[in-house]
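Q: Sending over a structure as C-alpha cells; questions will come in a sec.
In my numbering, the protein residues as written are 4 to 338.
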C-alpha cells in the first residue's frame, strides 16, 4: 500500500521523532504529555478500527482500568512509574480477554454497542467500588516514583514518559506491518474469504482486541501518573467517543493520522478551556463535521492520498513521454 510505504520512510520517522522531542518546548509540558498519551490511545484504537474493521465504543474501559491500576500500584506498592504503567497495561489486556471473547462474535454496530455496554459496566463498578477507586472523588495523590528521582516538574517527566509511548507506538507499527497484521487487513476487507482460506477469524479478532486494549492501557496508565489522579471520567463513554473522533479526524488506518488528530483535539480543548469557553463539545463536533465533509479520509489520509495520486500521474506522464512513437502507416498508392 502507498500509505504504508510513505509511513515507513526514514525521513518521515525522523521528522516525527524530532517533533515529539521538541513538543514540550513548543507547548505547555503537561499538555504535551496529554498529546502523547492520547496519541498512543488513538493509535491503539486504530489498530482495531483501521486494520481490523472493528469500531469499539468501549475502549474507555481499558484506558480507565489502566489508570486506576497504575494509581493503585504506585500508591500501595510504591512501584517505579514505568513498572506501574506496564502493570496497568497488563491489567487492561487481561480485562479485554473476556470482553473481547463475547464481543468479537458480533460485527458492525452490534459490536460497537456490545463494547459500549461492557464499558458502562466498568464505569458502574468504578463508581460503586469507592473503597478501591475513590468513587466520585477519584483516586488522588498518585506518586511519580522512579528510584528517588524528583519528577515533579512536568517538563522532565515528559522525557521520562516518552520512551514508554515510543515503545507503544513501535509495537502498534510492528503489529500492522507483520504477517499477523496482513491477516487482520484481509479479515477487514473480506472476512468470509479469510475464513475460507483457513484463518480462524474470531481468534485473530480477539487477539487484535487484546493487543489494542493493552496499548490503550499503556496510554491510560501513563496519563494517570502524569496527572496524579484517576477519576470516573477515564471510564466514561465520552472518553471512548473522544478517541474515536481523533482517529476519524486524523485518518482511519494510517497510524500517523491518529497522532495528528490527538494533537489537534488536545490543543483545541486546552485553548477553549483556558479561554473560558463552555461549549467545547459544540466546537469539537463542528470540527469533526467539517473534517468529514472536506477530508473524507481524514486529514493525514487525504493529504497522503493526494500526494500519491499526483505522483502516479507524473509517473504515467513520464512513461508516455518515453514510449516510442507509433509508426505512421504508408499510403497504399505511394511508390
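All C-beta atoms, glycine included, are put in the ideal place defined by N, C-alpha and C.
What does the Cβ neighbour count give for residue 150, buried or exposed, with the cut at 16 atoms within 10 Å?
A: Along the chain shown, one-based indexing puts residue 150 at 147. Exposed is the call here.
Q: I need the straight-line Cα distance from residue 220 to residue 320, nearest angstrom please.
A: Within the chain shown, numbered from 1, the residue matching residue 220 stands at position 217. Within the chain shown, numbered from 1, the residue matching residue 320 stands at position 317. If I take the Cα positions, the gap works out to 49 Å.
Q: Mind checking residue 317: buried by the 16 CB within 10 Å criterion, or exposed?
A: The residue you call residue 317 lines up with position 314 of the chain shown. Residue 317 comes out exposed.
Q: Measuring CA to CA, which of 18, 17, 325, 23 is closest to residue 167?
A: Walking along the chain shown from the start, residue 167 turns up at place 164. Checking every option, the nearest Cα to that of residue 167 belongs to 23.
Q: Hey, is the stretch 181 to 191 in contact with the stretch 202 to 220, meaning 3+ C-beta pairs nearer than 8 Å?
A: Cβ pair count under 8 Å is three or more, so yes.
Q: Express the C-alpha separation of residue 141 and residue 235 in angstroms, rounding to a whole number.
A: One-based indexing of the chain shown puts residue 235 at position 232. One-based indexing of the chain shown puts residue 141 at position 138. Cα-Cα distance, rounded: 7 Å.
Q: Spell out a yes or no on whether the stretch 28 to 45 and the stretch 264 to 271 are touching, meaning 3 or more CB-CB pairs, one atom from each, closer than 8 Å.
A: With the cut-off at 8 Å, the stretch 28 to 45 and the stretch 264 to 271 touch.
Q: Would you mind stating whether residue 73 and residue 217 have Cβ atoms separated by less than 7 Å?
A: Stepping through the chain shown from its first residue, residue 73 is reached at position 70. Stepping through the chain shown from its first residue, residue 217 is reached at position 214. Not closer than 7 Å, so no.
Q: Give me the Cα-Cα distance between residue 94 and residue 69, rounded to the nearest whole angstrom.
A: Mapped onto the chain shown, residue 94 falls at position 91. Mapped onto the chain shown, residue 69 falls at position 66. When rounded, the distance between both Cα atoms is 6 Å.
Q: Can you say whether residue 139 is buried or exposed, counting buried as having 16 or more other CB atoms within 10 angstroms of its CB?
A: Residue 139 sits at position 136 when you count from the first residue of the chain shown. Result: exposed.
Q: Could you tell me which whole alpha helix (DSSP H) segments of length 4 or greater appear in the stretch 157 to 203?
A: List check, alpha helix (DSSP H) in window: 157 to 180, 182 to 192, 194 to 199.
Q: Count the other CB atoms, across all protein chains shown, that sit within 10 Å of the CB of residue 331; report buried if there are 16 or more and exposed otherwise.
A: Here residue 331 refers to the residue found at position 328 of the chain shown. Residue placement at residue 331 is poorly supported in this model, since its pLDDT is 49, which falls under 50; the coordinates are not used for a value here.
Q: Buried or exposed: which applies to residue 13, given that a residue is buried once 16 or more other Cβ atoms fall within 10 Å of its Cβ?
A: For this step, residue 13 is matched to residue 10 along the chain shown. With fewer than 16 other Cβ atoms within 10 Å, it is exposed.
Q: Between residue 5 and residue 62, what straight-line distance do the alpha-carbon atoms span, to the nearest angstrom?
A: As a working note, residue 5 is residue 2 in the chain shown. As a working note, residue 62 is residue 59 in the chain shown. Any answer about residue 5 is weak, because its pLDDT of 43 lies below 50 and its placement is not dependable; what the coordinates show is given next. Between residue 5 and residue 62, the C-alpha separation is close to 29 Å.
Q: In terms of residues, what are the limits of the alpha helix (DSSP H) holding residue 65?
A: Counted from its first residue, the chain shown places residue 65 at position 62. Counting along the chain, the alpha helix (DSSP H) containing residue 65 begins and ends at 63 to 79.
Q: What would DSSP say about residue 278, mapped onto helix, strand or coil?
A: Residue 278 sits at position 275 when you count from the first residue of the chain shown. It is coil, neither helix nor strand.
Q: So what's residue 6 in DSSP terms, helix, strand or just coil?
A: Here residue 6 corresponds to residue number 3 of the chain shown, with the count starting at 1. With a pLDDT of 42 at residue 6, under the threshold of 50, the predicted position of this residue should be treated as unreliable, and no value is reported.
Q: Pull up the distance between the alpha-carbon of residue 144 and that of residue 307, whole angstroms please.
A: Translated into the one-based positions of the chain shown, residue 144 becomes position 141. Translated into the one-based positions of the chain shown, residue 307 becomes position 304. Taking the straight line from one Cα to the other gives about 44 Å.
Q: Under three-state DSSP, which class holds residue 142?
A: Position 139 of the chain shown, counting from 1, holds the residue named residue 142. Residue 142 falls in the strand class under three-state DSSP.
Q: Of the choices 135, 80, 148, 247, whose alpha-carbon is the least far from that of residue 115?
A: Within the chain shown, numbered from 1, the residue matching residue 115 stands at position 112. It is 247.
Q: Below 7 Å CB to CB, which residues in the same chain sit around residue 77 once its five sequence neighbours on both sides are set aside?
A: Mapped onto the chain shown, residue 77 falls at position 74. Closer than 7 Å at the Cβ level, and outside the excluded window around residue 77, lie 84, 87, 145, 146, 148, 228.
Q: In the DSSP assignment, what are the bridge partners of residue 84?
A: The residue given as residue 84 occupies position 81 in the chain shown. BP columns for residue 84 are empty, so no partner.
Q: Hey, how far is the Cα of residue 230 from the Cα of residue 224?
A: Along the chain shown, one-based indexing puts residue 230 at 227. Along the chain shown, one-based indexing puts residue 224 at 221. Looking at the two C-alpha atoms, the distance is approximately 10 Å.
Q: Between the Cα of residue 244 and the Cα atoms of 302, 291, 214, which residue gives the shortest distance?
A: Counting from one through the chain shown, the residue named residue 244 turns up at place 241. When each option's Cα is compared against that of residue 244, the closest is 291.
Q: Is the beta carbon of residue 191 closer than 7 Å to that of residue 55?
A: Taking the chain shown and counting its residues from 1, one reaches residue 55 at position 52. Taking the chain shown and counting its residues from 1, one reaches residue 191 at position 188. Yes, the Cβ-Cβ distance between residue 55 and residue 191 is below 7 Å.
Q: Residue 46 and residue 258 look like a contact to me (Cβ under 8 Å); what is the Cβ gap, rounded to whole Å?
A: What you label residue 46 is simply residue 43 of the chain shown in a count that begins at 1. What you label residue 258 is simply residue 255 of the chain shown in a count that begins at 1. Confirmed, Cβ separation roughly 6 Å.
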